[in-house]
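Residue numbers (the working numbering), protein chains in the order written: chain A, 7 to 468; chain B, 7 to 468. Here a beta-carbon is modelled for each residue, glycine too, at the ideal position from N, C-alpha and C. Working notes for the structure below.
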């Protein structure tokens, strides 16, 4: 694999802006917030993921001599003074980061990550932060939906071959586990993140032997305690009968094509009639939350699901439109809130906190996005916590299994109407009165036409 | 960034199968072919990409001691003899690879890559090959559509922040360039692949100054020859007027929101009235091939397009359903074609060649998929070439700019009905009579129900 250059894993404009800030001696401290304006149509909540990779990146961010050499010869940087490249050679991220912890449900307009740093630093990290948080949060959120649909049956992430490359495959596995899957087929995610890994066999293995039973016998001999036999290469039900007739007792059989409800019933019958009550049925094949919900509703005797393409690409909503917006500039001791008034893209000024309110039964009832300095509603819980100060991590990275436990536990506190696969409920999120007043004051002071920001619920991606 | 483990960038079952082949002494030589069964509904052709990364992976594939240690302690490998792990420590890919070169149009059912190697090797590389070829081919194909829609105007890939992580962002940029884009915003792709990189400025830069004109002046001072000014932070047309009034002469202005057809006309008028005839208008903001085609049809005076999310995630079709199927097994001197008869997933046996036929004007008229050994139709061109032999690359890696030239030139030879953004034409692809006979013979000899494979044109993803 190619060596990577984290400092150049960015859009060119982050670097041209850095040069322009540097040469114009703009040294203000900036605060940016990363948030998703609107949830996609078929999403009622997000599960935050990717923060751990962001913090690792911020701690390790350096420009190598190769990186600097590339920029020096780039046509856009012709005429940029050498002092700028020296600045890059010295570059360290020294800022403060607040974030909603991984595994936490979050909603439209809520800052998931907030970065305060000298403007060059805070700007430069935009692309990496967005690519990382957008992607992993999208996958964790999709996984949570699939896990909800499976209603207690295990879901294994199986989509590496359709993920957007092999690094994406590894982080899909990480984020899917954070979102509640029991594991993945991706071995690298097992090594790097401790995600439990599972595997069965491919059709090619069955085809490599003269007959199906020989393939099953050979595989079972190698993996006596864990063999999962793939039984749809030729004829699913016939293969189940052959297993019984051959006296095999596989822990699991896997169906991967055809009418899974019907086939699972027929196979269950064959297995039970043959005394293989302990053999579990694992099903895969173009599954997603809707198909799983329908199999569960039909009472299909399936014990666990493998979900591939539609999870690993978040197929129905393959991008999360997270943005990273300047909300505050601090020059000497003057702090200025910042808003943008582009059509349909109005922002809210200043550092924010998200407060989550709960009812007496612990169920979440709604969120308030307030200014960072005002008190939250009575008994509400602040969602953003400080995770980095002076470029150094605060606290230890959470164990990924603990992140998964967190997401599963917090999902239980969301209203049922939100967790339903076809739910249309919109979780209530509002801005505090003080924040709304502050935004209106700044919008009216701007050169552009005044436009009121709307919070909105889920809507189509735009 | 985390260290990667290419050998473990795979599904666990590739490794469990390897162990089962090893312990059962299955040493046959296998041939697998990677192909896409059906094109997605809104795709009339594919542009092959990703082969270079595949060949690099095959050349460098090794198991590190860390990889082996991870597998040895994995519950699935309990009881697998130590000799298997020694085999992994010695692992080298020694096989032969044929492929359709990068930048070539290809179609449903056509082998894009064909691997012949000892079965353990040929199987083990499946996940990496699929994740790489599926992903990059999907992006190059989407890019080609966008480039067609832009009808000669430049298209810059801008979607890193919504790509599926930062490695995906880099390969999106590579594949989009291979598919005809003029460049990318992704700097790492510039460093690693020589893709031309472009950048403008963000809204935050404009907002960091007390007024818009100061931001424009400062940025132009740093980049006198290349500044692209973003003019939609507050009011697009007003910003264009300010640029004229301030006597700035930016090479480019960028629109990023609102009605791009209307705004581009108004901005063009302001610029022309101010004598800025040389200033180009660059437009971005949720663009894709359909929106670009409609802007072009409306005669919007836009000189170049930046395309982000919808290109970098192939938003309307975010997965390509490529599969990697066993087609032949060779044991001693006996060669056996292999087919699978699972419902809806019938395969064709043996090593294949794809022949492309052209009319007198050079326009391609249709493809024939034949057995590897039969001659092609008169004057037809073979598409698969040998790219690796004995685990060593044949020839030198092509320059990426040459791959792009190839794709642009070959696109010109496709029927116009195929290149149209809303085209419904299906490019004719058929199997040779000999291949069909061979498949029928093997299907009838199989244990499962006989099902005829259908070639089919584009259809919805399944």
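Counting the other CB atoms within 10 Å of its CB gives residue 87 of chain A a total below 16, which places it among the exposed residues.
Assignment of residue 60 of chain B by DSSP, reduced to helix, strand and coil, places it in the helix class. Using a Cβ-Cβ cut-off of 8 Å, residue 12 of chain B is close to 7 and 172 of chain A, given in chain order. When beta bridges are read from the DSSP output, residue 392 of chain A appears opposite A:104. In this structure, residue 201 of chain B lies near residue 179 of chain B, with their beta-carbon atoms less than 7 Å apart. Taking a cut-off of 8 Å on C-beta distances, the region 320-339 of chain A touches the region 207-216 of chain B, as three or more cross pairs fall below it. Scanning the region 287-333 of chain B from its first residue to its last, the whole alpha helix (DSSP H) runs of 4-plus residues come out as 295-303 and 315-318. Counting C-beta atoms within 10 angstroms of its own C-beta, residue 341 of chain A has fewer than 16 neighbours from the protein chains shown and is therefore classed as exposed.
Take the alpha-carbon of residue 144 of chain A and the one of residue 72 of chain A: they are about 33 Å apart. Here residue 95 of chain A carries a helix assignment [DSSP, helix/strand/coil]. In the three-state reduction of the DSSP assignment, residue 203 of chain A falls in the strand class, which pools E and B. Here the region 167-174 of chain B lies against the region 133-140 of chain A, with 3 or more beta-carbon pairs under 8 Å apart.
Residue 370 of chain B sits in a strand when the DSSP states are folded into three classes. For residue 237 of chain B, the three-state secondary structure derived from DSSP is coil. According to the DSSP assignment, residue 258 of chain A belongs to no alpha helix (DSSP H) but to the beta strand (DSSP E) extending over 258-261. Residue pairing from DSSP leaves residue 430 of chain A without any beta-bridge partner. Residue contact check for residue 147 of chain B against chain A: no CB pair falls below 7 Å. By the criterion of a C-beta distance shorter than 6 Å, residue 104 of chain B is surrounded in its chain by 120, 390 and 392, once the five residues flanking it on both sides are discounted. Counting the other CB atoms within 10 Å of its CB gives residue 281 of chain B a total below 16, which places it among the exposed residues. Under the three-pair Cβ rule at 8 Å, the region 10-17 of chain A counts as touching the region 187-197 of chain B. Excluding five sequence positions before and after residue 428 of chain B, none of the CB atoms of its chain fall closer than 7 Å to its own CB. Taking all protein chains shown into account, residue 362 of chain B has 16 or more neighbouring C-beta atoms within 10 Å of its C-beta and is therefore buried. When Cβ-Cβ separations below 7 Å define contact, residue 358 of chain B makes no contact with chain A. Cβ-Cβ separation between residue 111 of chain A and residue 53 of chain A: approximately 6 Å, consistent with a contact (criterion under 8 Å). Residue 30 of chain B has its alpha-carbon roughly 12 Å from the corresponding atom of residue 222 of chain A.
At least 7 Å separates the CB of residue 150 of chain A from every CB of chain B.
Excluding its 5 nearest sequence neighbours in each direction, residue 20 of chain A has C-beta neighbours in its own chain below 7 Å: 129, 130, 132 and 133, listed in chain order.
Inter-segment contact for the region 48-63 of chain B and the region 233-243 of chain A is absent: fewer than three beta-carbon pairs are separated by less than 8 Å.
Distance from residue 50 of chain A to residue 431 of chain A at the Cβ level is roughly 6 Å; contact confirmed, criterion being Cβ atoms closer than 8 Å. For residue 129 of chain A, the C-beta contacts it makes with chain B under 9 Å involve 208, 210, 211 and 214, in order along the chain.
Annotated three-state conformation of residue 212 of chain B is helix, per DSSP. For residue 387 of chain A, the pairing in a beta bridge is given by DSSP as A:362. Residue-level contact by beta carbon fails for residue 317 of chain A and chain B, as no gap is shorter than 7 Å.
For residue 45 of chain A, the closest of A:92, A:96 and A:115 by C-alpha to C-alpha distance is A:115. Contact of residue 141 of chain A with chain B by beta-carbon distance below 7 Å involves 170 and 171. DSSP places residue 35 of chain A in the strand class (E or B) of the three-state scheme.
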